[in-house]
Amino acid sequence: MATFDRGRVPSYNISIMKKPVVDRAKCIGAAACESVCPEVFKVDTEGKATVMDGIDYEKYKDKIADAIEMCPVAAIAWEEHEENPGN
Numbered sequence: 001m002a003t004f005d006r007g008r009v010p011s012y013n014i015s016i017m018k019k020p021v022v023d024r025a026k027c028i029g030a031a032a033c034e035s036v037c038p039e040v041f042k043v044d045t046e047g048k049a050t051v052m053d054g055i056d057y058e059k060y061k062d063k064i065a066d067a068i069e070m071c072p073v074a075a076i077a078w079e080e081h082e083e084n085p086g087n
């Protein structure tokens with residue numbers, strides 16, 4: 001019969017991270033986001049804004065916020081997602 005250690009609670013390191021996302025259905029390719037924050041946003045061959053992967057979005061949070069505000073069709077928003085490093 002299995003025994004359980006009832007006195008211990010597992011520890012999890014979960015943090016909520018924010019990542020900018022572009023609603024490609026709304027995007028009109030104005031490129032305001034790329035002008036304001038080229039480190040994070042690029043306009044692709046279809047003329048739609050994309051978010052670069054592998055970026056420290058926290059480092060550019062102020063510029064991303066400016067890009068969100070500058071988008072003429074409100075196609076950019078913050079999305080929260082969980083990060084669980086090492087667990």
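In my numbering, the protein residues as written are 1 to 87.
Don't be surprised by glycine CBs; every beta carbon is placed ideally from N, CA and C.
- At the C-beta level, ALA32 and ALA65 stay beyond 8 Å of one another.
- Under DSSP, THR50 takes part in a beta bridge, and its partners are LYS42.
- Counting only the Cα atoms, LYS19 lies some 8 Å from ALA77.
- Cβ atoms of ALA25 and PRO72 stay farther apart than 8 Å, at about 15 Å.
- DSSP places CYS33 in the uninterrupted alpha helix (DSSP H) bounded by 32-36.
- Ranked by Cα distance from GLY54, the first of ALA74, PHE41, ASP62 is PHE41.
- For ASP66, the uninterrupted alpha helix (DSSP H) segment begins and ends at 61-70.
- For the pair ALA75 and VAL22, the CB atoms are nearer than the 8 Å cut-off.
- Looking only at GLU79, TYR57, ILE28, MET70, the smallest Cα-Cα distance to GLU46 is reached by ILE28.
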